[in-house]
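In the numbering used here, the protein residues as written are 129 to 269. All C-beta atoms, glycine included, are put in the ideal place defined by N, C-alpha and C. Comments concern the structure below.
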Amino acid sequence: MDKIQRTINDIRTDTNELTARTEDPLRTFARAARGAPSPCYYQSNHNSASSAPACPADLDRDRALTVKVGDPAMARDLRRLTNEDLVKRAEKHRRLAAITAVRPTLASIQFVAAKILRSGDPRLFLRNAKEVEIARTHRDT
Numbered sequence: 129m130d131k132i133q134r135t136i137n138d139i140r141t142d143t144n145e146l147t148a149r150t151e152d153p154l155r156t157f158a159r160a161a162r163g164a165p166s167p168c169y170y171q172s173n174h175n176s177a178s179s180a181p182a183c184p185a186d187l188d189r190d191r192a193l194t195v196k197v198g199d200p201a202m203a204r205d206l207r208r209l210t211n212e213d214l215v216k217r218a219e220k221h222r223r224l225a226a227i228t229a230v231r232p233t234l235a236s237i238q239f240v241a242a243k244i245l246r247s248g249d250p251r252l253f254l255r256n257a258k259e260v261e262i263a264r265t266h267r268d269t
């Protein structure tokens, strides 16, 4: 009986080695990826009642500020700017507004990226959601 058990174990070992050598790596990766959790949510390694972390897309939306441009001529001019030029222009106006209005909170924010939407409105990205709220409260300056 012991000899039969050893033979069965040897066969299983040989079969596993053959399967590992002949199996397509792309399929094994696809099978592993299919069973993995989505990248937005990871399992916490500590026992806490905290909520799951936000997805990168949600964080990106939280730190974005869209400026509605009503003037079609201004929208046309903004479309001609590169994203870098748009950030520089927004930073320049932010610095001027912080100096003239003497608002230290406005001086503490920083625009880090920008893009022009199809509508011609610029979408400006700040470092975090707190800075977006500061920019929204001081939008008249």
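- Setting aside the 5 residues that flank it on each side, residue 192 is surrounded in the same chain by 251, 253, each with a C-beta closer than 6 Å to its C-beta; the list follows chain order.
- Residue 240 carries a strand assignment under DSSP once its states are collapsed to helix, strand and coil.
- Three or more beta-carbon pairs separated by less than 8 Å are not found between the region 221-228 and the region 191-205, which leaves the two stretches without contact.
- Residue 239 counts as buried, since at least 16 other C-beta atoms from the protein chains shown sit within 10 angstroms of its C-beta.
- The DSSP-derived three-state label of residue 209 is coil.
- Measuring C-alpha to C-alpha distances from residue 232 to each of 131, 265, 133, 212 identifies 265 as the nearest.
- Looking at the backbone, the Cα of residue 206 and that of residue 241 are separated by about 15 Å.
- Boundaries of the beta strand (DSSP E) harbouring residue 251: 250-254, taken from the DSSP string.
- For residue 234, there is no enclosing beta strand (DSSP E); the residue is found in the alpha helix (DSSP H) stretching over 232-235.
- When DSSP reads this structure, residue 194 sits in a beta bridge with 251.
- If you draw a straight line from the Cα of residue 234 to the Cα of residue 226, it comes to about 5 Å.
- Less than 7 Å divides the Cβ of residue 259 from the Cβ of residue 237.
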